[in-house]
Amino acid sequence: KFEPLTLPFAVLTFSEDGRSVEFVAAGTRWSCDLSAYKLSKLDLPAAPRDPSGYPLSMWERGPAPEAVSQSAKASPDGRWEAAIRNYNVVLREKGRKDEVFLSRDGTEGDYYTFDSVAWSPDSKKLAAYRLRRGYHRVIQYVESSPAGQLQPKYHAMEYAKPGDALDVERPVLFLVDTKTRLEVDPALFPNPYEISGPVWRKDGRAFTFEYNERGHQTYRVIEVDAATGAARAAVDERAETFFTYSEWGGKKYRRDLDDGREVVWMSERSGWNHLYLLDVATGAVKNPITAGEWVVRSVDRVDEAKRQVWFQASGVVPGQDPYFIDAYRANLDGTGLVRLTEPGAHHTVAYSADGAYFVDTRSRVDLAPVTEIRGAADGRVVMPVEKADISALAAAGWKAPEVFVAKGRDGVTDIWGVVYRPSNFDPARRYPVIEYIYAGPHDSYVPKSFRASSSQQALAELGFIVSQCDGMGTSNRSKAFHDVCWKNIADAGFPDRILWHKALAAKDPSYDITRVGIYGNSAGGQNTLAGLLFHPEFYKAGVSSCGCHDNRMDKIWWNEQWMGWPLGPEYAASSNVDNASRLEGQLLLIVGEMDTNVDPASTMQVVNALIKANKVFDLLVIPGAGHGMGGAYGERKMYDFFVRHLLGAEPPNWNEGVRPQL
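All the letters of the sequence shown, read from the start, carry residue numbers 260 to 921 under our numbering.
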């Protein structure tokens, strides 16, 4: 039996009809009927996950070769079925067994994939991909202390790393009436990092796919003519540094209009992330939909009939925190920009199914959430929903973190951050400073909305001032701000961060920057050690957890995005392994032996380099743990580490007397 606050799952998904939700608990996928609240077990198994919740298959690339597909794909008119036989595409009339081979060049090493087979709407053509398999790297794990058995368990996981040879997919067009094939000239997509699956135009005149060139500096929408197989670039996006292609990066959006004759496209070509209306026939920009020194953060909906778009953006309101998100509406011709939310706070919005209304929740780190329903046309308040009451929290001694802004390395750009002080803060004292860092270039990280509690505040209560800021190289500002990370991941915004700390210390004597610590996990773990190695004059102690300490050791999609391809000397220059001999300060490394996000060998190679350099450091390897700071035990070790090295006090002997609950 589970209580509402201790449910055994964190994510649930609504069915397409909205009548049920699905979730995974105890390794099983379940469905809950929302009318009867009745649970049923689904046959579809839950994907295996590591102890941190990451799917064990999340780094796999490309379908495996399939000599014979287990099923067939029926044509829209129901007459034909397409399948895979002997690694090739075959065609048969529905209900009959005799088949016609549409291709004969498929082999075990260069094969057609069933998943890619896509019928044209008129059932007269189909597209499929032939895949030449690349190098599928497998990394090994030893689970030293598995539950339920004495002896270790051995695990293997497919995990592509920077520089690995990738699968290469090539589209082929098949004509059903003549049983012929048309090769598509790959001149416009010669070196794919990835191409998306084929999607047919509604009238069947062509199919499209998206081409992401390796190195992430060229991104195209390719349209293939269904009559000739000729390919052309409907959209051609190029960047001198990188194109942020991933959906979670918030800088890629495509919405085809009028069956692909126009497209709403997101781009940073102006130096800021904006929306454009493109003419697909020519690839030219009809008009910018949005423009200015601000950032479109996401698109909520497009109304093709009304020729309007609803989106979220930051940096529009002068004098406001440039990371605060507001909701907007604009016409596709670039006119009629309307802000739909109140300025002065950070907003999260969710639109109704018909797009007529949205739920708006606004807050700041020092403003409790207020939720209202607003009209999507003009942002008028339709009805209040809820206003959080934090009076009891404030009476208990809670204080909001303080916002602090200082100039970055260029003397012009504002760097935004927050400061957490202990609840018994005494301005007459001087406090050691600890920076929480995560400088992954895919987002920005300083909190903008209300939080009743945080791990940073918990750490501050031990007698520290804890701070966090977003330096150059992180996202959601200008393209130039973001580009600082390119082939330079070790920078991590440190020149901006150190100036930010110094500016705060100049205003606040209690902020003691002669005793500065730093900590972080994952990319933040890499950043933490980089702070100690490349800026030892400033950072004196650090706790680095599960760091991707050498970008050549980490997952391909995250690292080649920022560090580039082919692999150059920049990888070694940013490597904590190659620069481990520079260590001067105090270091605690934490790693989970079953981390499937960042290869644990990345941390162990740092350990090896530190030992060879005869450096003194602490290491905590947690059996069975995944990607994280090590849970309650790792957190306590971090507390003790900073108390010892920054406060100069000896932590309690936890092996005696009262022990903390883990």
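Beta carbons are placed, not taken as given, at the ideal position from N, Cα and C, and that holds for glycine.
Taking the CB atoms as reference points, tell me whether S781 and L848 lie closer together than 9 Å.
Counting from 1 along the sequence shown, the entry for residue 781 is found at position 522. Counting from 1 along the sequence shown, the entry for residue 848 is found at position 589. No.
With a cut-off of 8 Å, do at least 3 Cβ pairs link the segment 807 to 827 to the segment 745 to 762?
yes
Does A419 come out as helix, strand or coil in the three-state DSSP assignment?
Here residue 419 refers to the residue found at position 160 of the sequence shown. If DSSP states are grouped into helix, strand and coil, A419 belongs with coil.
Between which two residues does the beta strand (DSSP E) containing T773 stretch?
As a working mapping, residue 773 is identified with position 514 in the sequence shown. From DSSP, the beta strand (DSSP E) with T773 extends over 770 to 780.
Nearest-angstrom Cα distance between H605 and S330?
Taking the sequence shown and counting its residues from 1, one reaches residue 605 at position 346. Taking the sequence shown and counting its residues from 1, one reaches residue 330 at position 71. Computed Cα separation, rounded: 49 Å.
Backbone CA spacing between K896 and I870 [nearest angstrom]
In the sequence shown, counting from the first residue as 1, residue 896 sits at position 637. In the sequence shown, counting from the first residue as 1, residue 870 sits at position 611. For the pair K896 and I870, the Cα-to-Cα distance works out to about 21 Å.
Alpha-carbon spacing of T549 relative to R566, whole angstroms
As a first step, residue 549 is located in the sequence shown; it is residue number 290 there, counting from the start. As a first step, residue 566 is located in the sequence shown; it is residue number 307 there, counting from the start. Cα to Cα, T549 sits roughly 14 Å from R566.
Comparing alpha-carbon positions, which option in Y370, P457, S362 lies nearest A377?
Position 118 of the sequence shown holds residue 377. Answer by Cα proximity: P457.
Residue range of the beta strand (DSSP E) that V431 falls in?
Sequence index remark: in the sequence shown, residue 431 carries index 172 (1-based). Segment 427 to 434, the beta strand (DSSP E) holding V431.
What's the C-alpha gap between A306 and F797?
Along the sequence shown, one-based indexing puts residue 306 at 47. Along the sequence shown, one-based indexing puts residue 797 at 538. Legend: pLDDT at A306 = 46, less than 50; position of this residue unreliable, value from coordinates given subsequently. Taking the straight line from one Cα to the other gives about 44 Å.
Do you know offhand how far R680's Cα is from I693's?
Here residue 680 is taken as the residue at index 421 of the sequence shown, counted from 1. Here residue 693 is taken as the residue at index 434 of the sequence shown, counted from 1. The straight-line gap from Cα to Cα measures roughly 11 Å.
Leaving out five residues on either side along the sequence, give the residues of the same chain with a beta carbon under 6 Å from the beta carbon of D223.
Here the chain has residues from 260 to 921 only, and residue 223 is not among them.
Taking DSSP as the reference, what is the three-state secondary structure of T634?
Here the question's residue 634 lines up with position 375 in the sequence shown. Correcting the residue identity first, residue 634 is Gly in this sequence and not Thr. Note: G634 maps to strand in three-state DSSP.
Let me check one thing: in DSSP terms, what residues is C805 bridge-paired to?
Along the sequence shown, read from residue 1 onward, the residue named residue 805 stands at position 546. In the DSSP output, where bridge partners are listed per residue, C805 has none listed.
Is there contact here, the segment 474 to 484 with the segment 442 to 449, by at least three beta-carbon pairs under 8 Å?
yes
Give the DSSP-derived three-state secondary structure of G508 in the structure shown.
Here residue 508 refers to the residue found at position 249 of the sequence shown. In the structure shown, G508 sits in a helix (DSSP, three-state: H, G or I).
Flag this pair as touching only if the segment 667 to 679 and the segment 721 to 728 have three or more C-beta atom pairs under 8 Å; answer yes or no.
yes
Would you mind giving the Cβ-Cβ distance between F268 and V280, rounded to the nearest angstrom? I have them listed as a contact below 8 Å.
Here residue 268 refers to the residue found at position 9 of the sequence shown. Here residue 280 refers to the residue found at position 21 of the sequence shown. Between V280 and F268 the Cβ distance is about 10 Å, and since that is not below 8 Å, they are no contact.
Does the count of Cβ pairs from the segment 752 to 759 and the segment 835 to 845 closer than 8 Å reach three?
With a cut-off of 8 Å, the segment 835 to 845 and the segment 752 to 759 do not count as touching, because too few Cβ pairs lie within range.
Could you check what DSSP says for K738 in three-state terms: helix, strand or coil?
Counting from one through the sequence shown, the residue named residue 738 turns up at place 479. In this structure, K738 counts as helix in the three-state DSSP scheme.
Leaving aside the five residues before and after A665 along the sequence, list all residues of the same chain whose C-beta is less than 6 Å from its C-beta, in chain order.
The residue given as residue 665 occupies position 406 in the sequence shown. Contacts found: I674, W759, A762.
Backbone CA spacing between Q845 and P691 [nearest angstrom]:
Taking the sequence shown and counting its residues from 1, the one referred to as residue 845 is at position 586. Taking the sequence shown and counting its residues from 1, the one referred to as residue 691 is at position 432. Distance between the alpha carbons of Q845 and P691: 15 Å.
Just confirm the distance between the C-beta atoms of A609 and V618, as a whole number of angstroms; I'd bet it's less than 8 Å.
As a working mapping, residue 609 is identified with position 350 in the sequence shown. As a working mapping, residue 618 is identified with position 359 in the sequence shown. At roughly 5 Å, the Cβ-Cβ gap stays under 8 Å, so A609 and V618 are in contact.
Proximal residues to V576 (C-beta, below 6 Å), its chain only, five neighbours per side dropped:
In the sequence shown, counting from the first residue as 1, residue 576 sits at position 317. Excluding sequence neighbours, V576 sits near P602.
Alpha helix (DSSP H) containing P828: first to last residue?
Taking the sequence shown and counting its residues from 1, the one referred to as residue 828 is at position 569. According to the DSSP assignment, P828 belongs to the alpha helix (DSSP H) that extends over 828 to 832.
Provide the residue(s) that pair with M642 in DSSP beta bridges, ordered along the chain.
Along the sequence shown, one-based indexing puts residue 642 at 383. Its beta-bridge partners are I632.
Identified DSSP bridge partners for Q410:
By 1-based counting over the sequence shown, the position of residue 410 is 151. According to DSSP, Q410 bridges with nothing at all.
Spatial distance of Y535 from V544 (CA atoms):
In the sequence shown, the residue the question calls residue 535 occupies position 276. In the sequence shown, the residue the question calls residue 544 occupies position 285. When rounded, the distance between both Cα atoms is 7 Å.
Three-way DSSP call (helix, strand, coil) for Y898 in this model:
Indexing the sequence shown from 1 puts residue 898 at position 639. Note: Y898 maps to helix in three-state DSSP.
How about the segment 639 to 658 and the segment 728 to 737: do they share at least three Cβ pairs that are nearer than 8 Å?
Not touching, per the Cβ criterion.
Can you tell me which of G368, K353, R344, R355 puts its alpha carbon nearest to the alpha carbon of S362?
Here the question's residue 362 lines up with position 103 in the sequence shown. S362 has its Cα closest to that of R344, out of G368, K353, R344, R355.
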